[in-house]
């Protein structure tokens, strides 16, 4: 009989109950119903397949401010995940998603409601926009970086050097796409067929 009104505390509570039966009271049609669930282990945290969403209506001015705050929050979270991938705190396989996984998540979001689908689209758009600003050749961030280098040197880099840099960038992007596609395929295979990536 522990009462958790705060959504963040509820999530934290569930994450610490991996493999342990938990009784949760929910409202169905205005009637309280008690459900027994066992949080499954997902990357060391308990999950029950429930997403908590809180929606609120704002006027135009406040909506603009909140949208800037929301985009900043998503950008920060994306950078944190990228950092954790490089420090190996998070497995790249679980953090990266390609076209197959995005299609699966989009279908699930669409089935759960328009708000969840719009939210997912917003998260994906911000994440892709942020990725595009990384200093990787061929991406916008790479082109900006080259322009900054040229402005510091006060001269244009040789065309042959720029061509080689862009070729390296193309190879990196192709490798990233191939890796993410492999991750997508393995995520959607039956558990018995998944390799230990």
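Numbering (my numbering), first residue to last: 1 to 197.
Here a beta-carbon is modelled for each residue, glycine too, at the ideal position from N, C-alpha and C.
Below 8 Å between beta carbons: does that hold for residue i and residue j?
i	j	result
residue 180	residue 96	yes
residue 39	residue 17	yes
residue 184	residue 83	no
residue 104	residue 188	yes
Near residue i, which residues of its chain fall below 6 Å by C-beta distance, leaving aside the five closest residues on each side in sequence?
i	result
residue 166	137, 138
residue 46	14, 15, 17, 18, 39
residue 153	none
residue 23	34, 36
Identify, in the order they occur along the chain, each residue of the same chain with its Cβ nearer than 8 Å to the Cβ of residue i, setting aside the five sequence neighbours on each side.
i	result
residue 178	none
Can you list, in chain order, the residues of its chain with a C-beta nearer than 7 Å to that of residue i? Leave out the 5 residues immediately preceding and following it.
i	result
residue 156	150
Where does residue i fall in DSSP's three states?
i	result
residue 48	coil
residue 90	coil
residue 170	helix
residue 188	coil
residue 175	helix
residue 56	coil
Regarding residue i and the ligand NAP, is the C-beta to nearest heavy atom distance less than 7 Å?
i	result
residue 128	This structure lacks the ligand NAP, and indeed carries no ligand of any kind.
_Threshold first: 3 residues or longer. Then list the beta strand (DSSP E) segments lying entirely within the segment 10 to 46, N to C._
Along the length of the segment 10 to 46, whole beta strand (DSSP E) runs at least 3 residues long occupy 22 to 28, 31 to 37, 40 to 42, reported in chain order.
_Could you tell me which whole beta strand (DSSP E) segments of length 3 or greater appear in the segment 114 to 162?_
If we require 3 residues or more, the segment 114 to 162 turns out to have no beta strand (DSSP E) run fully inside it.
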